[in-house]
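A.B. asks:
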Ligand code: HEC
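Numbering (our numbering), first residue to last: 9 to 414.
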């Protein structure tokens with residue numbers, strides 16, 4: 009996915025995943041009634057976004073710490089979303105059926121991504137050193153995972169690979185990261201795009217600023233509950249820190265084709281079920297304690313790692329794992345202690361991607377940490393499930409007009 013292709017944008021060769029579609033491309037094709045091949049692909053100039061603030065406030069001290077991200081669909085997924093007009097909230101509304109659970113459906117060849125970057129702006133520059141930047145690197149799990157000062161260390165990145173201060177301990181060459189220089193258009197969208205006012209303002213990029221790929225969420229529709237994996241840059245790829253492990257790293261060394269540098273510097277975390285052993289697709293409720301299952305944690309430390317119970321998961325018990333009348337006691341299905349980002353699982357939270365008349369075009373409070381979610385859970389009644397794709401939730405992805413360029 010990160011191999012370099014012959015496709016170029018403003019003179020820069022793009023990596024495979026960069027050539028894939030953004031939800032905004034699909035929205036534009038829908039609006040202009042065009043095929044995906046016919047829409048202008050320079051909309052929003054690869055759609056950089058301002059750094060997220062939501063769930064990351066603690067990382068903002070020092071202020072230059074946070075991430076910038078975007079969503080990508082492979083061509084097949086973009087086509088499925090376009091065919092079904094899944095990014096149109098009016099279409100979703102027509103699918104809502106009183107008392108029933110309806111769903112949109114993706115197909116087995118669909119893949120979705122969420123790459124995250126650190127845009128190294130003057131804010132990250134080391135005083136007196138024009139080609140050296142710093143950022144905070146995840147160094148593993150500490151109790152509770154917060155605050156930032158407890159789980160990260162400052163590292164330095166030199167844009168000059170020959171800089172004598174490079175020691176591969178605290179100072180690294182930028183060549184060790186998948187990186188590029190910001191184009192003028194990317195800098196513009198980075199400075200101007202907006203999403204529900206959830207971004208961190210106060211930082212701005214200019215053309216030429218280095219951008220490093222910090223990590224990437226990757227999800228494929230090969231199974232009904234999708235496969236979930238995430239990659240993040242790590243100091244020692246053979247012995248990566250939580251949520252990856254040496255066992256996962258060993259798997260990576262068994263590949264037929266060896267990973268090339270700098271892709272080989274990224275650790276992986278995987279979530280192929282919510283609990284181990286995997287619990288059924290539907291049915292329930294299930295008494296978790298009686299089942300004796302072990303939670304499967306899968307998260308990207310730079311995205312979900314800092315999510316707190318109070319801020320991101322306040323409704324798990326009040327709205328979901330409670331008594332649902334005659335349908336049984338969902339309280340017993342609640343895994344006590346899994347209530348923050350460090351104890352989360354991609355599949356659980358993405359199970360919750362659903363839409364109904366009570367949450368029309370509003371930010372939701374439906375996020376879950378690592379909990380078992382059955383597809384026919386009572387809270388889905390009268391809703392349309394978004395087939396695990398949160399980006400379909402109206403309002404989550406900014407419309408093309410908000411990721412425009414000058
Ligand atoms: C607490 C909830 C939560 C958790 C945990 C979570 N995500 Fe997401 N994810 C979201 C939301 C919300 C979005 C939508 C962001 C947007 O549209 O801007 C999203 C977007 C994505 C996307 C883009 C496509 C789409 O429609 O969802 C991918 C791929 C993705 N996440 C993968 C993962 C992976 C892999 C993990 C685990 C390593 C993970 N997510 C963990 C909430 C979560």
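Here a beta-carbon is modelled for each residue, glycine too, at the ideal position from N, C-alpha and C.
#1: Closest to residue 220 by C-alpha separation, out of 176, 274, 315 and 289, would be which residue?
#2: Let me check understanding here. Comparing Cα to Cα, which of 311, 277, 147 and 396 lies closest to residue 126?
#3: Given the structure, does residue 287 come close to the ligand HEC, in the sense that its CB is under 7 Å from one of the ligand's heavy atoms?
#4: Once the 5 residues before and after residue 419 are set aside, which same chain residues still bring their CB inside 6 Å of it?
#5: Is residue 226 near the ligand HEC - that is, is its Cβ less than 7 Å away from at least one heavy atom of it?
#6: For the ligand HEC, any of its heavy atoms closer than 7 Å to the Cβ of residue 166?
#7: Does the distance from the CB of residue 286 to the CB of residue 353 come in under 8 Å?
#8: Would you say the beta carbon of residue 236 comes nearer than 7 Å to a heavy atom of the ligand HEC?
#9: Counting pairs of beta carbons, one from the segment 76 to 96 and one from the segment 380 to 388, are three or more of them closer than 8 Å?
#10: Going by DSSP, what residues sit across from residue 323 in a beta bridge?
#11: Nearest CA to the CA of residue 397: which residue from 233, 42 and 165?
#12: Please report the straight-line C-alpha distance between residue 1 and residue 244, rounded to a whole angstrom.
#13: Kindly indicate which three-state DSSP category residue 72 falls into: helix, strand or coil?
#14: With H, G and I counted as helix, E and B as strand and the rest as coil, what does DSSP make of residue 147?
#15: May I have the straight-line CA-CA distance separating residue 317 from residue 303, to the nearest angstrom?
#16: Given a cut-off of 8 Å, decide if residue 179 and residue 164 are closer than it, judged by their beta-carbon atoms.
#17: So is the beta-carbon of residue 399 under 7 Å away from any non-hydrogen atom of the ligand HEC?
#18: Using 8 Å as the threshold, is the segment 131 to 144 in touch with the segment 83 to 102, meaning 3 or more CB pairs across them?
#19: What I want to know is whether the C-beta of residue 367 ends up closer than 7 Å to one or more non-hydrogen atoms of the ligand HEC.
#20: For residue 145, which residues from the same chain have a beta carbon less than 8 Å from its beta carbon, with the 5 sequence-adjacent residues on both sides left out?
#21: Check for me: the beta strand (DSSP E) holding residue 179 runs from which residue to which?
#22: Among 24, 10, 35 and 109, which has the Cα closest to the Cα of residue 391?
#23: Hey, could you find the ends of the alpha helix (DSSP H) residue 32 is sitting in?
#24: Once DSSP output is grouped into helix, strand and coil, what is the label at residue 401?
#25: Please state whether DSSP places residue 408 in a helix, a strand or coil.
#26: Using a Cβ-Cβ cut-off of 6 Å (strictly less than) and excluding sequence neighbours within five positions of residue 333, which residues of its own chain qualify?
#27: Would you mind stating whether residue 223 and residue 113 have Cβ atoms separated by less than 8 Å?
#28: Count the other CB atoms, across all protein chains shown, that sit within 10 Å of the CB of residue 255; report buried if there are 16 or more and exposed otherwise.
#29: Excluding sequence positions up to five away, which residues of its chain have a Cβ less than 6 Å from the Cβ of residue 117?
#30: In its own chain, which residues sit with a C-beta less than 6 Å from the C-beta of residue 292, not counting the 5 before and 5 after it?
#31: Confirm the yes/no value for this check: CB of residue 122, any heavy atom of the ligand SAH, distance under 7 Å.
#32: Can you tell me whether residue 405 is buried or exposed? The criterion is at least 16 other CB atoms within 10 Å of its CB, across all chains shown.
#33: Can you name the start and end residues of the beta strand (DSSP E) that residue 278 belongs to?
#34: Alpha helix (DSSP H) containing residue 15: first to last residue?
#35: Check whether the Cβ atoms of residue 346 and residue 377 sit closer than 8 Å, and answer yes or no.
C.D. replies: Quick answer:
#1: 274
#2: 311
#3: Because no heavy atom of the ligand HEC lies under 7 Å away, the Cβ of residue 287 does not count as near it: no.
#4: Not covered by the structure: residue 419. The range shown for the chain is 9 to 414.
#5: For residue 226, the shortest separation between its Cβ and any heavy atom of the ligand HEC lies below 7 Å.
#6: no
#7: no
#8: Correct: residue 236 has its Cβ closer than 7 Å to the ligand HEC.
#9: no
#10: None; residue 323 has no bridge partner.
#11: It is 233 whose Cα lies nearest to the Cα of residue 397.
#12: A question about residue 1 goes unanswered here, because the residues of the chain that appear run from 9 up to 414.
#13: The predicted position of residue 72 is uncertain, since its pLDDT is 43 and thus under 50; no value can be drawn from it.
#14: DSSP places residue 147 in the coil class of the three-state scheme, outside both helix and strand.
#15: 17 Å
#16: yes
#17: At least one heavy atom of the ligand HEC is nearer than 7 Å to the Cβ of residue 399, so yes.
#18: no
#19: no
#20: 160, 161, 162, 163, 241 and 243
#21: 179 to 181
#22: 109
#23: 31 to 39
#24: coil
#25: helix
#26: none
#27: no
#28: Around the CB of residue 255, fewer than 16 other CB atoms lie within 10 Å, so the residue is classed as exposed.
#29: 84
#30: Once the five neighbours on either side are set aside, the close Cβ partners of residue 292 are 382.
#31: The ligand content of the structure shown is limited to the ligand HEC, which means the ligand SAH is not among them.
#32: buried
#33: 274 to 279
#34: Where residue 15 is concerned, there is no enclosing alpha helix (DSSP H), although the beta strand (DSSP E) it sits in stretches over 12 to 17.
#35: Contact: yes.
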